[in-house]
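Those protein sequence lines, which keep their order, are chains A, B and C.
With the working numbering as the guide, the letters of the first sequence map in order to residues 56 to 484.
With the working numbering as the guide, the letters of the second sequence map in order to residues 26 to 429.
With the working numbering as the guide, the letters of the third sequence map in order to residues 851 to 1110.
Structure, as structure tokens:
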Amino acid sequence: MSQSDTSFVRRDMLPEAPPPVAETGVLKWMRENLFSSPANSLLTLVSIFVLYQLVVAAAPWLLNGIWVSPSLSACREILGGEVGACFAVLTERWNQLLFGFKYPEELYWRPGLAFILLFVCAAPLLFFKFIPSKFLVLTGLYPFVAYWLIWGGTIMVPVFALLGVLVGAYVYNKTVSASAGMAVIAGFAAALIFWILSGYVTTPMSGFLALQPIDSRDLGGFMINLMLGVTCISLSVPFGILLALGRQSSMPIIKWICVVFIEFIRGVPLITLLFVANVVLGYFLPPDNDFDLILRVIIMITMFASAYIAEVIRGGLAALPKGQYEAADSLGLDYAQAMQFIILPQAMKISIPGIVNVAVGLFKDTTLVSVISMFDIVGMIRGPILASSEWNGVYWELFGFAAVLFFVTCYGISQYSQWLERQLQTDHR
Amino acid sequence: MTTATDPPRESFRFSQLIYDTRYRSYTFQFIALMLLITLFAYLGSNLVQNLAEQGQDISFSFLTEPAGYDINQRPIPYDSQSPHLRAAFVGVLNTLIVAFLGCLTATILGTIAGILRISPNWLVRKLMAGYVEAFRNVPVLIWILIIFTIMTAVMPAPSAFRGEDSASSMLFGAFAFTNRGVYIPAPIWGPGSSVVGLTFLASIFGAIYYRRYATRLLYDTGKLLPMVWPALVILLVPTILIYFILGRPITFDYPALAGFNFQGGIQIRGSLIALWLALAVYTGAFIAENVRAGIQAVDRGQTEAAASLGLRPRRIMNLVVLPQALRIIIPPLISQYLNLTKNSSLAIAVGYMDVTGTLGGITLNQTGRAIECVLLLMLFYLMISLAISAVMNVYNKSIELKER
Amino acid sequence: MTAETKQAAKTLEVSDKVAVEIVNMNKWFGTFHVLRDIDLTVYQGERIVIAGPSGSGKSTLIRCINALEEHQKGKIIVDGTELSNDVKNIDRIRSEVGMVFQHFNLFPHLTILENCTLAPIWVRKTPKREAEDTAMHFLTKVKIPEQADKYPGQLSGGQQQRVAIARSLCMKPRIMLFDEPTSALDPEMISEVLDTMIELAEEGMTMCCVTHEMGFARKVANRVIFMDEGQIVEQNEPEEFFNNPKSERTKLFLSQILGH
């Protein structure tokens, strides 16, 4: 062969050609995905058997379900010995499952409205890319409105609470350029002083624009789970950030305060913290305080969630390259500015899946309050409903309902977080 | 602007406390420490005031007083005259029992489900995804209550086992599932049973030794012995032989219906089973996700590199993927164990007498010593989690060393 | 680079005003003595290239000028202000001194424009509109105004480094520090960054560059400093430095990097 045979110059570029026609259709899919090997086929058959058993067991129970009936015995009569669920307990005790058994019936509209507003006001935060940021004001106002709707009383209490937050924020902003850490402390102190002082104004004005006040003790049902979940998670994110920053700090005392707090909280089960809220915390509060059980539970659950969220955010902070800190420094940004504009936005984005995991876990854990005899949805089911003579023995329908309720909420939250991650991802690629 | 001369370092200005990098961190730490001390002083003074008002004090002497209540599951001798401390200790043991059983079962369940989650079989994959999502998104308390309901309200009463054609019958004539718990045969250790036990122990070492020997043979001579079945033979055959040669020294005491209840055998209460199964299945769902993530986190390039060296799929899994995946899986696995142990405190919801049920439940209610009981309870759980973190640190250190 | 521009860069005026003065500066990492008795005066308008083997302390030196690293002994006076422990002092110096990093260190969650306006708005307190105009001006200068609304992840390495230069310029710095600005770039992108730097030099910016680009040093620098083992071993005008190195260490170094 001569030398010139190996040299080659392409004169026309080849056009794109379609791929060879592949085997398609259902049969191919089944062969690849279900019966690719004998072991696989066996697994498929076992799975089909399991599914079949589940359907056979559950279908008649679900399909024959009775939705209207005054009691379990009446249910059984209607069924006449056939297999069937008695979903009538859900329709009959619907309000109790949602609001507890002591909330005044004529006022159900108030927590109902708060529930609807939750979605309206959370939307600007959840879909911040699609809704103008000025609507975030609604999100900020929601806690105060919701408090007023659920607990009632004079509007002055939430108004002054809001003012206290604003005062704290103002003080923080004024002092932050001197020292971020001290600005946080000063902001908290200012808000606290304002709240204490405002007590002298709101007490005599208790009738001003007042809704009928409701005792914390009268709250119940799924409302408690939602309220504890939403309140504690939203409070614990800022505290978690502070704890995470504190744990990263180069100041040993600050660091150790944060480490001890975080590790202590993470080392004990939530239930012991609820015991603290129930029987111990009272000893450490001033005599004749008006911290009711729900407030004490909120304090303890918030501490609990903050510790976990702090660890998640610490992971996010650690994942950031050192260059980001240096670039911020080299531009002359101070600590608070670097954190606010550069470090935290990125760390929080990394932490979203972790924070959502904590949020979902915490929301599920709100059922634990039934152990310290609060009547959340599980407490309602185990207590007033299953103990009543009409519905003694309808376990499946009630526990199933609670399980479905939690499943829908938690699954929804985790789907949302995956969607959000994708949204934030596309920004950069 | 200052000039290029030395700044006046001697003259100390007050603003240096805030603006000088040498002092500002001390200033801030001092303020934070003062605030913390103030907070504790405030809480402490409230405590003293509250205790004085109610005529109480802080004292742990109640721990030596008779508890006065019964515990239905006693791993160590205990009666109602035993002191509170012993009741707490029984609770601790019960916590450890359910935590151990739960961790073991959860690991098995989670590993299987996690591997099936990435199986090529579509149906199995979906089924396992359903399991994981169903259990991760519903509170464990609800699962505990559901399984407890099955154990107490759905299972037949012991009386259903009575008569010739009774409504319920025992499984293999040895296991009885009743609403008072599950009865299983209890082993009776006859004379010579220790020999059987020792033989088994020796067989375990023998099997390990065989595997080492086979590996060394492979390294030294390139001769590959079968690994799995000879090890199994070494493990089981001698023990079984000795068992029969010695005339079956280990026998079983089978549960039997006597009167209104079962006698004999071991009774596993519904509360233990509910707690155990619910924790295992719930934690198993989380472990499954860890296992799946761990296996998937091993870079595809690793599999491809091993395949390009000519290794077969099973060896790729055993020699390349699993060793790397385990490093990713084990740390979250350990923290799942910690979670399970902490979640076992939900025992109090079904009346299982763990440490939360005894020390944090009945003892607390009977003595009214809330602060002391909750404090001890927290200390116990803290000790457990410190121990588990210590194990984790040791593990992390060991894999760190190997990386160098 | 054509001969004319090279000539232009060479003939740039160097003022006799001092931009950075480093006197007897020492720094340790733990017990490791990274910088030993550094004395260096940089005049305004000077373009200094610092070269040396890795680990010689050249990056640490320019990071000290920006207070990214703290020096333990000696003095650093930047633009008449001595680097002291005063936080306000440090912040002021950092806003006067621009820094370009090896790995760009753009903020990935902000657009190019936001990257450039963040510090002017929050540190210099420039009105947003004005800051954006300035940013567009400098982005045009580094020849990527059309990328202003993209995110850093969407840009090539060379483009990112040019944005990083523009970001520093938006603070209107009096001194620019470059820490191996081309080391992390693919070969075909190095020249676009160097061109930007040369342009900057022609405008009379005071520059301290740690770089291995000896071609750049020849063309632009008015002084080349060679560092080894934490000390300044040799400094000279580029012609002399490259053609007639005095120290054995310099000779060895030059033969290693110019050898092939």
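Ideal placement from N, C-alpha and C gives every residue a C-beta, glycine not left out.
At least one C-beta of chain B is nearer than 8 Å to the C-beta of D936 of chain C. Any Cβ of chain C closer than 8 Å to the Cβ of T46 of chain B would place that residue at the interface, and such an atom is present. When B:D95, B:I83, B:E78, B:I209 are compared, the shortest CA-CA separation from G382 of chain B is found for B:D95. Beta bridge pairing from DSSP links Q292 of chain B with B:Y208. Its chain contains Y893, Q894, G895 as the residues whose beta carbon lies nearer than 8 Å to that of S865 of chain C, once the 5 sequence neighbours on both sides are disregarded; these appear in chain order. Using a Cβ distance threshold of 8 Å, R47 of chain B and N939 of chain C do not count as a contacting pair. Assigned with DSSP and collapsed to three states, Y893 of chain C falls in strand. The continuous beta strand (DSSP E) containing F1076 of chain C extends over residues 1073-1078. Interface residue (Cβ-Cβ distance to chain B less than 8 Å): L340 of chain A is classified as such. Legend: CB atoms of the region 295-313 of chain A lying less than 8 Å from CB atoms of chain B belong to residues S305, M306, P307, I308, I309, I312. Inclusion of A299 of chain B and V375 of chain B in the CB contact set at 8 Å is warranted, their separation being smaller than that value. Between G438 of chain A and chain C, the shortest Cβ-Cβ separation is not below 8 Å. Here the region 368-380 of chain A does not lie against the region 993-1006 of chain C, with fewer than 3 beta-carbon pairs under 8 Å apart. As for any alpha helix (DSSP H) of minimum length 4 sitting wholly inside the region 205-267 of chain B, the runs are 218-246, ordered along the chain.
Looking at the backbone, the Cα of S105 of chain B and that of C398 of chain B are separated by about 19 Å. Residue contact with chain A for V157 of chain B: absent (no Cβ-Cβ distance below 8 Å to any residue of chain A). Within the same chain, Cβ atoms closer than 7 Å to the Cβ of F90 of chain A are found at S96, T99, the five residues on either side in sequence being excluded.
For F185 of chain A and A241 of chain A, the gap between their C-alpha atoms comes out near 35 Å. Against chain C, the CB of S385 of chain A has a partner CB under 8 Å away; the residue lies at that interface. Excluding the 5 residues flanking it on each side, G139 of chain B has same chain C-beta neighbours closer than 6 Å at A313, V316, R317, in chain order. Contacts with chain C at 8 Å (Cβ-Cβ) include R49 of chain B.
With respect to chain A, the C-beta atom of R1024 of chain C has no partner C-beta closer than 8 Å. In the three-state scheme derived from DSSP, where H, G and I count as helix and E and B as strand, I1107 of chain C is classed as helix. Under the Cβ criterion of 8 Å, D1045 of chain C is not counted among the residues facing chain A.
In terms of beta-carbon proximity, P259 of chain A stays away from the interface with chain B, with every pair separated by 8 Å or more.
In terms of beta-carbon proximity, L918 of chain C lines the interface with chain A, with at least one pair separated by less than 8 Å.
Counting only runs that start and end inside the region 398-454 of chain A, the alpha helix (DSSP H) elements of at least 4 residues fall at 399-420, 432-435. Residue environment for S945 of chain C: buried (at least 16 other C-beta atoms within 10 angstroms of its C-beta). Look at L933 of chain C: its C-beta is not under 8 Å from any C-beta on chain A. Judged by DSSP secondary structure, V973 of chain C falls outside any alpha helix (DSSP H); it is assigned neither H nor E. Residue burial annotation: N368 of chain B is buried, with at least 16 other C-beta atoms found within 10 angstroms of its C-beta. By the Cβ criterion, the region 263-283 of chain A is not in contact with the region 237-255 of chain A, since fewer than three pairs of Cβ atoms, one from each stretch, lie closer than 8 Å.
Using a Cβ distance threshold of 8 Å, T1056 of chain C and A869 of chain C count as a contacting pair. With a 10 Å radius around the Cβ and a threshold of 16 neighbouring Cβ atoms, Y244 of chain B comes out exposed. DSSP links E1084 of chain C through a beta bridge to C:F1076. Interface with chain C (8 Å Cβ-Cβ cutoff): D389 of chain A is included.
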